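J.: Pasting a structure below so you can have a look.
Number of protein chains: 2
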Amino acid sequence: MIDALEQDAAVRCAMTAVGREAPSTEELARVAWSVITEPGDGVAGVLIAELGALEALRFALRPGTNRGAPSADRRALVEGLRRWRARADAVAVRQAVEGAQHVGARLVLPGDAAWPAELDDLGPHRPLLLWVRGDAGLLRAEPRAAIVGARAASAYGEVLAAEFAGDLAADGVVIVSGGAYGIDGAAHRAALGVGGPTIAFLAGGVDRAYPQGHQQLLRRVVDSGAVVSEVPCGTAPTKWRFLARNRLIAGISHATVVVEAGWRSGSLNTAGHAAALGRPLGAVPGPVTSAASAGCHRLLREYDARCVTTAAEIRELWAGGVGGATPPGPAADPDQQRLLDAMSRRTPVPATELARRSGLDPERVGSLLGVLELDGIVRRVERGWRKTDA
Amino acid sequence: MIDALEQDAAVRCAMTAVGREAPSTEELARVAWSVITEPGDGVAGVLIAELGALEALRFALRPGTNRGAPSADRRALVEGLRRWRARADAVAVRQAVEGAQHVGARLVLPGDAAWPAELDDLGPHRPLLLWVRGDAGLLRAEPRAAIVGARAASAYGEVLAAEFAGDLAADGVVIVSGGAYGIDGAAHRAALGVGGPTIAFLAGGVDRAYPQGHQQLLRRVVDSGAVVSEVPCGTAPTKWRFLARNRLIAGISHATVVVEAGWRSGSLNTAGHAAALGRPLGAVPGPVTSAASAGCHRLLREYDARCVTTAAEIRELWAGGVGGATPPGPAADPDQQRLLDAMSRRTPVPATELARRSGLDPERVGSLLGVLELDGIVRRVERGWRKTDA
Chain A
2 MIDALEQDAA VRCAMTAVGR EAPSTEELAR VAWSVITEPG DGVAGVLIAE
52 LGALEALRFA LRPGTNRGAP SADRRALVEG LRRWRARADA VAVRQAVEGA
102 QHVGARLVLP GDAAWPAELD DLGPHRPLLL WVRGDAGLLR AEPRAAIVGA
152 RAASAYGEVL AAEFAGDLAA DGVVIVSGGA YGIDGAAHRA ALGVGGPTIA
202 FLAGGVDRAY PQGHQQLLRR VVDSGAVVSE VPCGTAPTKW RFLARNRLIA
252 GISHATVVVE AGWRSGSLNT AGHAAALGRP LGAVPGPVTS AASAGCHRLL
302 REYDARCVTT AAEIRELWAG GVGGATPPGP AADPDQQRLL DAMSRRTPVP
352 ATELARRSGL DPERVGSLLG VLELDGIVRR VERGWRKTDA
Chain B
2 MIDALEQDAA VRCAMTAVGR EAPSTEELAR VAWSVITEPG DGVAGVLIAE
52 LGALEALRFA LRPGTNRGAP SADRRALVEG LRRWRARADA VAVRQAVEGA
102 QHVGARLVLP GDAAWPAELD DLGPHRPLLL WVRGDAGLLR AEPRAAIVGA
152 RAASAYGEVL AAEFAGDLAA DGVVIVSGGA YGIDGAAHRA ALGVGGPTIA
202 FLAGGVDRAY PQGHQQLLRR VVDSGAVVSE VPCGTAPTKW RFLARNRLIA
252 GISHATVVVE AGWRSGSLNT AGHAAALGRP LGAVPGPVTS AASAGCHRLL
302 REYDARCVTT AAEIRELWAG GVGGATPPGP AADPDQQRLL DAMSRRTPVP
352 ATELARRSGL DPERVGSLLG VLELDGIVRR VERGWRKTDA
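Those protein sequence lines, which keep their order, are chains A and B. One rule links them: number in my numbering = place in the first sequence (from 1) + 1. One rule links them: number in my numbering = place in the second sequence (from 1) + 1.
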C-alpha cells in the first residue's frame, strides 16, 4: 500500500496542499494509519511508537505477521491486524488527503512546530495527527481552557458558559470545546463574540459540520479560530469517536471546566480524561434540583473536581503555572488506564459498574483489578473498588 | 465565693432540682466557672483541666495569684484573672441555677451518662457544662447531623433543609441546629414534623427563646427534643456567644452540613470548627448566581467540604462509621488552634486576613505562623499562608 501511495502523484499534490511539500514515506504511513485505525487505538499506538509508522505499517500488512507477535499483547495484536487490514486501502488514504485539500485543512504531525506537546501525555492514545482548518498556531497558544458541558443545557448553564468563555477569551485564553449544541456552542460563540481565540474539536472529519445546525458557527470558528479533528475528512462521527475526541479536548487544555452536565453526560468522560491526566478539573455547581447540574455535582463528589463559580476562579485552576500540573506517566497497559479512568479515589465503584464505565469486559476488569490491587494502586472496599492515594 | 455557695440552702435546693441531688464542691465550682467566664475561654479551660474546677477557682480568686503564674501563658492568665474576678459573685451563680430550676432545665456535666464524649475533642475549649431543656438523652443518641445555614435563606435553601432534615430525622438521625431563622428553623421544623429527634443549641440561656419569633418553635423542640446551652440562664446572646455556640454544634455532630450560606455567613464558622475537628463536612451547592449559596461554594473550594445533594449523600458523610473520623488532638495552644481553624490546605490566606479571621492580633499571628512553619504545619506560599498536608 505504501508503494502505491508513494507513486501516486495525486497524493503527492494533495499532501503539498495540506502543508507537506516533500512528504516522507514515514509521514504518508502515518496518514495511512490514521485512515486504517479508529482514533485512540492503543495497540496501533504502541506499535507505531516502537517501530515508527512506516515499519509498523509494513509489519502489520506483511502476511504471516499474526504468528510471531512481539511486544504488544498477542490477542490484542491479532485483533488489531484483522481490523487494520480490512481498511488498508490506498484509495481511502488519497481521498482523506484530497478531502483535506478541498476544504483547505492543514496536516499537523507530532514534532511539528504547531504540535501541542500536551497531547503526548496521552501515551499510546496520542492522536496520530491532526487535521486543522483555520489557525493551526492556536494549538500552541497558551493558556487553553476547555469549557464543555451538556447539549441539553439550561438557560442557566448557557448564560454561565458564555459569561466565563467571554471573560477568559477576551483575556487571550484559548477556549477549547466540542462544537456541540448547548454549553459547547455557547462557549465558542462567546469567544468569537469578544474576538477571542477558540478551537472546536470534532468527532468526525473537519470537512463536515456536526451538528448540521452549527454549520455557520463552525464556519466562524474556522475563520477566526480553528476546527480540528484526528479523523480523516469524510469520516462520520460515531459514539466511539465522540468519546475518543473528548480525550483530545482534555489533553490539549491546561484546565477543563464542566459547566452543566447530566448524570451520564458525555462531558463527564472529558472530565475523566482531564482527571486521569492530572490536569486541573473544574465543575460549576448549580441547583441540586436541576438535572442539568447533576453531573457537575457528581464531578465535585467523585472526581475531586474544583468548584468554580467565576472566570477568576477558573483562572486559578492553572494559576500554579501553565504546564505546572504533573501528569502521571501513561499506563503500560491501555486497558489498565481505561479502568483507572473509570475509578475514583473517594467513591467505591462495583466491578460490574467499572466494566460498564470502562467498556471492558467484566472478566478483563476482574483480572486487571487483581493486578492493580497487588501493586497497591486500587483497593477493594465494602461497596466496590477505589483508587488508593499511592 | 465557694464557701458562700456551699452554705447557701437555696443553691443546694436548686441544684437538686436541676438533677444534682448532692452536689459536690467540685460541681458547684464548675457552675461558678460557667458564670464567671465567657464560653470557650481556653485559659480557664487549661487551668480547670490541670487543677480541677475547685482548685482552679481557689487559685484564681486568691489574692496575689497574678504573681507566680504557672503553666498557662502569663499574660493571658493575668488578663483572665482580671476578667474572672470582675464576675466572681455567688449571687450570680445562685441566680443561674435558680433560673435553670425555674424552666425545668437539667445540668449535664462532663462524665455524666448524658455527656456527649465528642465534645471532649474541643480540648481547652470544651464547654464546662450544658444546660438542657427537654430530653437530655438525645445528647448521646446517634448519629447526629448538624443541618445549618443562613438566616437570610432563600426558598431553595429552606425547601432543601426541610427535605434533608425530614428524611434523616424520620430515620432516627438527630438533627442538630442553632434555632435561628432560615435554614436552622426549617431543619428543626422538618424534624419535628416527622416526629424525629432534634436539638437546638442556643447562644444565650435556655430560659429565653432567641430569636423571639421562634418562641413557639423552641417550645416544641423542648417538648420532643432538646434545647441546650452552655451559658447560664439569664444570659443574653452576643456575637461572641454565637461564634462559641457554633463550636458546640460542630463538636457534637458526626457530620455538619451547610445548606445555604452567604459569603460571610456565621455558618461558615460552624463549618470551620467541623473541619478543624476532622469531622465530615458537607455543603449543598446552589446556583452560582445566588448570593445565599456563595458561602457553600466557598466551603467546597476552600474547606474541602463534600458536595451533598441528597439525604443519602449526607448519610454517606458518616458511612465510615459514627465516630470513625479521627479528630486531630487539640492543639497545645488555643490561639494556635484558632489560627489553624482560619487557614486552608488549598487556598493561601494572607497574614492580615488570618488575623481578621482568627480574631488574634497581627503580631501574635506572625509569631504563631513562625512556630507552625518550623513544625512543618503551615507553609508560606506566593499569596499567603496555607496548611500543609502533614
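Every residue gets a Cβ at the ideal spot worked out from N, C-alpha and C, and that includes glycine. Just so you know, these numbers come straight off a predicted model, no measurement behind them.
Determine the DSSP secondary structure at A/L369, reduced to helix, strand or coil.
T.: As a working note, residue 369 of chain A is residue 368 in the first sequence. Of the three classes helix, strand and coil, the one that applies to A/L369 here is helix, per DSSP.
J.: Please report the distance separating the alpha-carbon of B/T66 from that of A/W319.
T.: Indexing the second sequence from 1 puts residue 66 of chain B at position 65. Indexing the first sequence from 1 puts residue 319 of chain A at position 318. Distance between the alpha carbons of B/T66 and A/W319 is about 57 Å.
J.: Can at least three beta-carbon pairs, one atom from the stretch 72–88 of chain B and one from the stretch 362–382 of chain A, be found at a separation below 8 Å?
T.: no
J.: A/D390 to B/N270, Cα distance in whole Å?
T.: Locating residue 390 of chain A in the first sequence gives position 389, counting from the first residue. Locating residue 270 of chain B in the second sequence gives position 269, counting from the first residue. Answer to the nearest angstrom: the Cα atoms are 29 Å apart.
J.: Can you check DSSP and say which residues form a bridge with B/G135?
T.: Within the second sequence, numbered from 1, the residue matching residue 135 of chain B stands at position 134. For B/G135, which the question treats as bridged, DSSP gives the partners B/A227.
J.: Going along chain A in order, which residues have a C-beta closer than 8 Å to the C-beta of B/C308?
T.: The residue you call residue 308 of chain B lines up with position 307 of the second sequence. In chain order: P286, H298, L301, R302 and C308.
J.: Look at the alpha carbon of A/A57 and the alpha carbon of A/L131, and state the distance between them as a whole number of angstroms.
T.: Numbered from its first residue, the first sequence carries residue 57 of chain A at position 56. Numbered from its first residue, the first sequence carries residue 131 of chain A at position 130. Cα to Cα, the separation comes out at about 19 Å.
J.: Would you say B/T199 and B/V228 are within 7 Å of each other, going by their C-beta atoms?
T.: For this step, residue 199 of chain B is matched to residue 198 along the second sequence. For this step, residue 228 of chain B is matched to residue 227 along the second sequence. No; because the gap between Cβ atoms is not below 7 Å, this pair is not in contact.
J.: In the DSSP output, which residue or residues are listed as bridge partners for A/F202?
T.: Looking up residue 202 of chain A in the first sequence gives position 201. DSSP, once it has assigned bridges, lists A/V229 as partnering A/F202.
J.: When the distance is taken between beta carbons, is A/V109 closer than 7 Å to A/P144?
T.: One-based indexing of the first sequence puts residue 144 of chain A at position 143. One-based indexing of the first sequence puts residue 109 of chain A at position 108. No, Cβ-Cβ distance for A/P144 and A/V109 is not below 7 Å.
J.: Under 8 Å by Cβ, that's how I've got B/V79 and B/M16 pegged, so tell me the actual separation to the nearest angstrom.
T.: Walking along the second sequence from the start, residue 79 of chain B turns up at place 78. Walking along the second sequence from the start, residue 16 of chain B turns up at place 15. About 32 Å separates the two Cβ atoms, so there is no contact after all.
J.: With C-beta atoms as the reference, is A/I253 less than 7 Å away from A/L120?
T.: Against the first sequence, residue 253 of chain A aligns to sequence position 252. Against the first sequence, residue 120 of chain A aligns to sequence position 119. A contact, by the Cβ cut-off of 7 Å.
J.: Going by the beta-carbon positions, is the gap between B/E261 and B/A188 smaller than 7 Å?
T.: Walking along the second sequence from the start, residue 261 of chain B turns up at place 260. Walking along the second sequence from the start, residue 188 of chain B turns up at place 187. For B/E261 and B/A188, no; Cβs fall outside 7 Å.
J.: So which of B/H274, B/I184 and B/V285 has the shortest CA-CA distance to B/G41?
T.: For the purposes of this step, residue 41 of chain B is taken as residue 40 along the second sequence, with counting starting at 1. Answer by Cα proximity: B/H274.
J.: Mind checking whether A/A352 and A/L169 have CB atoms under 7 Å apart?
T.: Taking the first sequence and counting its residues from 1, one reaches residue 352 of chain A at position 351. Taking the first sequence and counting its residues from 1, one reaches residue 169 of chain A at position 168. Cβ distance not < 7 Å, so A/A352 and A/L169 don't count as in contact.
J.: For a contact defined as C-beta to C-beta under 7 Å, what are the partners of A/L161 on chain B?
T.: Locating residue 161 of chain A in the first sequence gives position 160, where the first residue counts as 1. The answer, in chain order, is V289.
J.: Counting only Cβ-Cβ distances shorter than 9 Å, please list the residues of the stretch 154–185 of chain A near chain B, keeping chain order.
T.: Answer in chain order: Y157, V160 and L161.
J.: Cβ of A/R381 less than 7 Å from any chain B Cβ?
T.: By 1-based counting over the first sequence, the position of residue 381 of chain A is 380. For A/R381, the answer is no, since every Cβ of chain B falls outside 7 Å of its Cβ.
J.: Using 8 Å as the cut-off, can you tell me whether the stretch 5–21 of chain A makes contact with the stretch 86–100 of chain A, which would need three or more C-beta pairs spanning the two stretches below that distance?
T.: yes
J.: Return yes when the Cβ of B/A210 is within less than 7 Å of the Cβ of B/P238, no when it is not.
T.: Walking along the second sequence from the start, residue 238 of chain B turns up at place 237. Walking along the second sequence from the start, residue 210 of chain B turns up at place 209. Going by C-beta atoms, B/P238 is not nearer than 7 Å to B/A210.
J.: In this structure, what does DSSP give as the bridge partners for B/I176?
T.: As a working mapping, residue 176 of chain B is identified with position 175 in the second sequence. Paired residues: B/A146 and B/T199.
J.: Just grab the DSSP bridge partners of B/K240 for me.
T.: Stepping through the second sequence from its first residue, residue 240 of chain B is reached at position 239. Answer is none; B/K240 lacks a bridge partner.
J.: Less than 8 Å between the CB atoms is what I'm expecting for A/S35 and A/E231, so what's the real figure, rounded?
T.: Taking the first residue of the first sequence as position 1, residue 35 of chain A is located at position 34. Taking the first residue of the first sequence as position 1, residue 231 of chain A is located at position 230. Yes, they are in contact, since the Cβ atoms of A/S35 and A/E231 sit about 7 Å apart, within 8 Å.
J.: Contact defined as beta carbons within less than 8 Å: I believe B/I425 pairs with B/V160. What is the distance between those atoms, to the nearest angstrom?
T.: With chain B covering 2 to 391 only, the question about residue 425 of chain B has no answer from this structure.
J.: Classify B/R86 as helix, strand or coil using the three-state DSSP reduction.
T.: If you number the second sequence from 1, residue 86 of chain B lands on position 85. Looking at B/R86 - three-state DSSP - the assignment turns out to be helix.
J.: Are the C-beta atoms of A/K388 and some chain B residue less than 7 Å apart?
T.: Taking the first sequence and counting its residues from 1, one reaches residue 388 of chain A at position 387. Chain B contact via Cβ: absent.
J.: In the structure shown, what three-state DSSP assignment does A/W386 receive?
T.: Translated into positions along the first sequence, residue 386 of chain A becomes position 385. It is a strand residue.
J.: So, under 8 Å CB-CB, A/R88 and A/A106 are touching, yes? Tell me the CB distance rounded to an integer number of Å.
T.: For this step, residue 88 of chain A is matched to residue 87 along the first sequence. For this step, residue 106 of chain A is matched to residue 105 along the first sequence. Not quite, the Cβ-Cβ distance comes to about 21 Å (not below 8 Å), so this is no contact.
J.: Measure the alpha-carbon distance for B/L282 versus B/G296 and round it to whole angstroms.
T.: Numbered from 1 along the second sequence, position 281 holds the residue referred to as residue 282 of chain B. Numbered from 1 along the second sequence, position 295 holds the residue referred to as residue 296 of chain B. A straight line joining the alpha-carbon of B/L282 with that of B/G296 spans about 13 Å.
J.: Using 8 Å for Cβ pairs, my map puts B/T257 next to B/R280. What's the rounded Cβ distance?
T.: Taking the second sequence and counting its residues from 1, one reaches residue 257 of chain B at position 256. Taking the second sequence and counting its residues from 1, one reaches residue 280 of chain B at position 279. About 6 Å separates the two Cβ atoms, so the contact holds.
J.: Using three-state DSSP, classify B/G46 as helix, strand or coil.
T.: Along the second sequence, one-based indexing puts residue 46 of chain B at 45. Three-state DSSP puts B/G46 in a helix.
J.: May I ask you to list the residues that DSSP assigns as paired with A/C308?
T.: To locate residue 308 of chain A, count along the first sequence from 1; it is residue 307. Partner(s): A/A284.
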